[in-house]
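Residue numbers (this note's numbering): 226 to 1213.
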């Protein structure tokens, strides 16, 4: 940024080198031209005619160039300086006319210049026009005292110069022209106007901003050179012997050329460094002109005294003019000094008030203000140091600033201060790089430094200081930010630590894992973890049985258990390992170093044993177990690996540990499992099956089949079980084992269960309506059963699906039976009981399927409301060849009959199995011995036939009659009576 040369508003410019280079070349050309002219004038130009031509028309050309330059600049620029440059151009034009007239007589007419010629009158307006131009550039005084001081200064300068000039030359010149008043007036007019011009140049203060300082100074220099030459020409000794083309003309030529160069000097000087001291805090250095203006009255008095001494010591009589002017100059000096004294008193009072005001601000400020010298010694410390640092400010004065700084912060503080000083000096030398605000306000940049300073009590305080230049040293404005630093540290700690256990959270654990995989440490570089046998392992831990503790003892006790578990984990691992809590009862351990797989597994076993120890909380003993999954780091990342690659490795390692931990839970909990690639393959397969299952449900990729349930006494169809088959791309119906496993867990399994219920109920309703329309209402009363797991039955929305399907299709609720295929965990027993009771209230039948396989069946019979019991196929397969299997099946069927449940068996694939089940008193059978799962067409034919042939009995009918007694219960719900006519358990 650089101000415009016309004093207008500041506009942004780009400091480039070509304009500066052009300006330097032009200044060099001007110097060579003036030097050449002076050399030619000093040697007489070689001939009389050339001397006359150069002395007359050469000066006229130089003055014309100055006139055109100033007029063009004045017409081109706006602002307050336009009038001054126009006046300078007109004054130079008068010189061009005067010198041109002089050359007309001497060069063209070859005659001497006559007295009272046009040239004399042409030279006369030069000084008044230049004086007006100087007045246009001058700054106006403020107040009456300023105007009075300006007049006194002007008079002292003018009177002193007039006294000296009168004593040296003007007095004698005036004595010689006494008889010719016009010649006397013309002779005195030139020096008097020149004296007035010099007085204005010396006494006035001009509008010299950064942009127009060079043009104004150059113009004043040109006018000063012209005035000096005029003063020399006024001397009778030179005037009587003067001829055109002499050395005196070189001065006038130089003055005109300087005035011609002045208007354009600012454009070619842009980009030069500002004359500003870096320690002045943005305040420009005092100009020489300002200092000289202050000494002007005393210099004028000295000049006046020199004039009087010249007459007195030379034995000349004292002229009345000299005495009168000298006395007025002395009187003006006395008055000027009195005004200055009064002004100084007023300024001193104002300064004292401002000093007191600022002192009160500094002393009352809560910030500590310190001033240091160039050697770092404190020269001032504000009283706030007593309240902030608990130290007496007077004791700190004279000490070194760095002695107060924490030893670990000294290098950083010195580095920041050096950087600040270097930047300040650079901006001072290159002001074009300063921002606009800094140029407008002349602001020097400051620096902020944070460090620790020792307080009076010995503790270290965190202090933030704003550093600025102050003379040759620095001024620091410091404030205590200890609480802010502590709050920031606490917030950062909370962001990366668990609030309950104060362990690192997932974010910090992931960051440290990435650092370990990348071969670096958060505090600095270290050895790569994979070098020389180093390894990285991640352990995921989950507390088994924590939910039961949380539900039974309360969340507060659960939180205390988690805190104790965290302490046990920290006490078991090494000091360099990381223990983190991810949330709930999940923890993770990061192990890095030269540990083999065996030692990591031993560490995991120690962690498991530590977590499995009893917990004593509130006088009660609590116990949980731990399932731990271990995953070792993959191949080490390259030293120049990208952060994204290391992050992907960390995420993969954490997923592997998580898979191993869930495998440990699925294998019985309370164990340690090492990750293997097969776990990832199983996960991918389950995910693929889940996606296919979801897609099949959405796109109709399933077919619904029904397998008849046959009465083992009569062979009649007493029920249907709805089963689903996967329709392949070739139209085949498949039942892969992976599909069966996928249909029992996950969100897609819940969607599949809803689809199975909706279609089974809808098709049963359609068959019932068709049977009634064909006059076969008996076939419409066959119930349909749908097998669900405990997790699916307790899933959100399943009960609503059952109720909605019955309501929309109009199927009687008694014709739907929900078979519970597998019991869920103990935590879902209450919810499962509520769901089964709700179904029985709705009128839907319930049965326990798969009895005899897995655990929890006997407890389910006691706690949960069921209407029927179905033996598992694994137990049915052993009834023919295994006496033990036959005995177990018989006891199970007897138990069901005694509880009033309808007994049935699935997986009845052989006729001999039918005969044995008949002997054991089983009521219904289902399997390939009767029919495989049928599509809708074959199912309708089977329902129309109603009977399946039974195998011939192995013994007499009387031996089996007691177990196969007919059902004598009244009509209503589908008849499901045992061989002894036992009744069903009423709904809960």
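The beta carbon of each residue, even a glycine, is placed where N, CA and C say it ideally should be.
Cutoff 8 Å; reference residue i; Cβ partners in own chain excluding five residues on either side
| i | result |
| --- | --- |
| residue 788 | 725 and 726 |
| residue 749 | For residue 749, the predicted model reports a pLDDT of 47, less than 50, meaning its position is unreliable; a value from the coordinates is still stated below. Counting only Cβ-Cβ distances below 8 Å, and skipping sequence neighbours, we find nothing. |
| residue 1189 | In this prediction, residue 1189 has a pLDDT of 37, which is less than 50 and means its spatial position is unreliable; what the coordinates show is noted afterwards. The residues are 937, 938, 1143, 1146 and 1204. |
| residue 482 | 255, 258, 259, 287, 290, 291 and 447 |
| residue 627 | 601, 635, 638 and 639 |
| residue 851 | 766, 767, 768, 769, 832, 833, 836, 837 and 895 |
Cα-Cα separation between residue i and residue j, rounded to whole angstroms
| i | j | result |
| --- | --- | --- |
| residue 977 | residue 1015 | 14 Å |
| residue 836 | residue 717 | 29 Å |
| residue 907 | residue 709 | 52 Å |
| residue 594 | residue 680 | 15 Å |
| residue 1127 | residue 1071 | 10 Å |
| residue 1180 | residue 1140 | With a pLDDT of 48 at residue 1180, under the threshold of 50, the modelled position of this residue cannot be trusted, and the question is left open. |
| residue 1214 | residue 1040 | There is no way to answer for residue 1214, as the model of the chain reaches only from 226 to 1213. |
| residue 376 | residue 561 | 10 Å |
| residue 990 | residue 1022 | 21 Å |
| residue 632 | residue 909 | 57 Å |
| residue 933 | residue 1153 | 10 Å |
| residue 1028 | residue 945 | 20 Å |
| residue 591 | residue 732 | 39 Å |
| residue 942 | residue 913 | 38 Å |
| residue 484 | residue 319 | 14 Å |
| residue 747 | residue 721 | Per-residue confidence for residue 747 stands at a pLDDT of 49, beneath the threshold of 50, marking its modelled position as unreliable; the derived number appears in the next sentence. If you take the alpha carbons of residue 747 and residue 721, they lie about 14 Å apart. |
| residue 781 | residue 843 | 11 Å |
| residue 803 | residue 791 | 11 Å |
| residue 449 | residue 348 | 16 Å |
Pick from the options that is closest to residue i, judged by C-alpha positions
| i | options | result |
| --- | --- | --- |
| residue 1008 | 992, 620 and 1018 | 992 |
| residue 315 | 299, 249 and 329 | 299 |
| residue 670 | 687, 700, 685 and 678 | 700 |
| residue 609 | 703, 630, 1119 and 572 | 703 |
| residue 634 | 606, 652, 685 and 647 | 685 |
| residue 1088 | 1058, 1069, 814 and 1075 | 1058 |
| residue 276 | 289, 262 and 288 | 262 |
| residue 599 | 878, 357, 578 and 643 | 643 |
| residue 618 | 605, 625 and 556 | 605 |
| residue 346 | 973, 322 and 369 | 322 |
| residue 327 | 351, 303 and 284 | 284 |
| residue 689 | 683, 682, 1068 and 706 | 706 |
| residue 1047 | 306, 1075, 625 and 441 | 1075 |
| residue 630 | 783, 647 and 678 | 678 |
Host alpha helix (DSSP H) of residue i (start-end)
| i | result |
| --- | --- |
| residue 1048 | From DSSP, residue 1048 is part of no alpha helix (DSSP H); its letter is neither H nor E. |
| residue 317 | 307-328 |
| residue 274 | 273-278 |
| residue 1024 | 1023-1034 |
| residue 604 | Segment 603-606 is the beta strand (DSSP E) holding residue 604; no alpha helix (DSSP H) there. |
| residue 343 | 343-348 |
Boundaries of the beta strand (DSSP E) in which residue i is found, first to last residue
| i | result |
| --- | --- |
| residue 774 | Where residue 774 is concerned, there is no enclosing beta strand (DSSP E), although the alpha helix (DSSP H) it sits in stretches over 771-778. |
| residue 482 | Counting along the chain, residue 482 falls outside any beta strand (DSSP E), though it belongs to the alpha helix (DSSP H) covering 472-486. |
| residue 1104 | Residue 1104 -> no beta strand (DSSP E), and no H or E assigned at all. |
| residue 806 | 803-808 |
| residue 676 | 672-679 |
| residue 687 | 685-695 |
| residue 469 | Looking at the DSSP string, residue 469 is not in any beta strand (DSSP E), and its letter there is neither H nor E. |
| residue 613 | Looking at the DSSP string, residue 613 is not in any beta strand (DSSP E); the run it does join, the alpha helix (DSSP H), is 609-613. |
Contact set for residue i: own chain, Cβ-Cβ below 6 Å, skip 5 residues either direction
| i | result |
| --- | --- |
| residue 1099 | 1078 |
| residue 987 | 1034 |
| residue 270 | 276, 279 and 470 |
Bridge partner(s) assigned by DSSP for residue i
| i | result |
| --- | --- |
| residue 1214 | The first residue shown for the chain is 226 and the last is 1213, placing residue 1214 beyond what the model contains. |
| residue 719 | Beta-bridge pairing links residue 719 to no other residue. |
| residue 933 | 945 |
| residue 705 | 688 |
| residue 1151 | 1131 |
Beta-carbon proximity list for residue i, same chain, < 7 Å, skipping 5 on both sides
| i | result |
| --- | --- |
| residue 266 | 470, 471, 472, 474 and 475 |
| residue 825 | 762, 816 and 855 |
| residue 317 | 288, 291, 292, 295, 481 and 484 |
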